[in-house]
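The structure appears right after this line, and notes come after that.
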Amino acid sequence: MANTVTEYYNNYDEEHRLFKDNLHRIEWLTTMHFFDKLLKPESKIFDGCAGTGSYSFALAEKGHHVTASDIVPSNVALIRSKQQNTPILRDIFTGDICHVPQYTDEYFDTVLCMGAFYHLDHKTRISAMQECLRLLKKDGLLAVSYISLMASLALNLHEHLENIDTIRDCYHKQTFGDSFTFMTPQDAESLAGLFSLKIVKHLTTDGPAYLYADKINSADSDNFNKYIQLHIETCEDKSILGLGLHGLIIFQKCER
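In terms of full-length UniProt numbering, the sequence shown opens at residue 1 and continues consecutively.
So, in structure tokens, the structure goes:
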């Protein structure tokens with residue numbers, strides 16, 4: 001799977017994904033909104049699926065002590081290039097979030113696992129959770145993002161339903177192609193019981209905006225900002241969690 005993921009991101013513009021239009025900015029603005037609300041000042045943060053470092057650098061600029069890692073070497077190379085111009089990250093390395101021997105137990109206040117679950121099967125997700133929780137201090141926060149199964153079905157369904165057999169197969173296997181795996185909100189919340197975690201927040205970072213992307217992208221700044229306010233107000237509503245394309249669940253590590 002690592003080779004497949006690396007190949008995918010070598011051919012994908014991850015650097016500009018969150019900022020290329022209004023539709024994609026929703027995910028960024030929503031995630032940062034909740035980080036600003038929940039993260040303690042000057043937190044030690046491990047961004048274990050850092051991509052090209054968008055969240056890593058933004059959080060470091062806010063005064064947090066951020067370590068950035070990603071499984072894709074080209075992503076890490078870009079992070080290192082940015083670090084030369086803005087040397088604010090504490091550490092950078094290429095690595096697998098399922099195995100982080102560089103750090104001792106309970107080293108970080110916050111661990112971000114925002115991307116790995118897009119590609120891992122259930123067994124490997126469990127390994128990733130175990131390693132993230134090993135790195136996390138007691139009472140610390142673990143942020144896990146996932147791609148919603150039901151939203152993915154809607155997004156990938158062709159206009160005349162000619163790929164309906166593929167969509168049905170995707171639903172039963174919770175995968176699409178060789179690279180992506182999906183979850184339901186119930187799957188995400190089940191991790192709390194499995195690892196004795198408290199669910200602090202569970203939200204969709206972008207909601208159903210992909211269903212009306214043209215309207216979002218053609219909006220002027222005033223109306224877009226009003227839409228963001230509405231989205232922030234509604235993104236935790238359980239009735240739309242599975243309809244949003246990207247989910248974010250934030251756990252707190254409890255005493256066991």
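No residue lacks a Cβ here, since even glycine has one placed at the ideal position from N, Cα and C.
What are the boundary residues of the beta strand (DSSP E) that Gln252 is part of?
246 to 253
Should Cys254 go down as buried or exposed, given a rule of 16 or more other Cβ atoms within 10 Å for buried?
exposed
What does a CB cutoff of less than 8 Å around Tyr8 pick up in its chain, not counting 5 residues either side in sequence?
Ser179
Out of curiosity, what's the CA-to-CA distance linking Ile79 and Asp91?
10 Å
Just to confirm, are Ile45 and Phe108 a CB contact at a threshold of 9 Å?
yes
Which value, in whole angstroms, describes the spacing of the CA atoms of Glu131 and Thr124?
11 Å
My understanding is that Trp28 touches Leu18, with C-beta atoms under 8 Å, so please give their C-beta distance in whole angstroms.
4 Å
Presumed contact (8 Å Cβ cut-off) between Met150 and Gly51, rounded CB distance:
The Cβ separation is near 25 Å, so there is no contact.
Please determine if the segment 159 to 171 and the segment 211 to 218 are in contact, where contact requires at least 3 C-beta pairs separated by less than 8 Å.
no
So which of Asp105, Ala128, Met114, Thr30 has the shortest CA-CA distance to Phe195?
Ala128
Using the DSSP secondary-structure output, state which residues sit across from Met32 in a beta bridge.
For Met32, which the question treats as bridged, DSSP gives no partner whatsoever.
Which partner residues does Tyr146 have in the DSSP bridge list?
Gly247
Who does Ser43 pair with in a DSSP beta bridge?
Bridge partners of Ser43: none, in fact.
Give me the Cα-Cα distance between Tyr103 and Thr181, rounded to the nearest whole angstrom.
28 Å
Boundaries (first-last residue) of the alpha helix (DSSP H) holding Phe195
185 to 195
Hey, would you say Ser148 sits closer than 9 Å to Gly247, going by beta carbons?
yes
What is the DSSP secondary structure of Lys37, counted as helix, strand or coil?
helix
Euclidean distance between Cα positions of Ile88 and Leu230:
33 Å
CA-to-CA distance, Thr205 to Leu23, given in whole angstroms
11 Å
Cβ atoms of Ser145 and Gly115: under 9 Å apart, would you say?
yes
Cβ pair Val72, Thr94 closer than 9 Å
yes
On the criterion of 16 or more Cβ atoms from any shown chain inside 10 Å, does Thr4 qualify as buried, or is it exposed?
exposed
Specify the secondary structure class of Ser69 as computed by DSSP and reduced to three states.
strand
Would you call the CB atoms of Asn85 and Gly53 closer than 9 Å?
no
So, at 7 Å on beta carbons, what are the nonlocal neighbours of Pro208 in its own chain, with the 5 sequence-adjacent residues on each side left out?
Ile240, Leu243, Gly244
Note down, one range per segment and in chain order, each alpha helix (DSSP H) of at least 4 residues found wholly within the UniProt domain "Methyltransferase type 11" (50 to 143).
54 to 61, 73 to 85, 122 to 135
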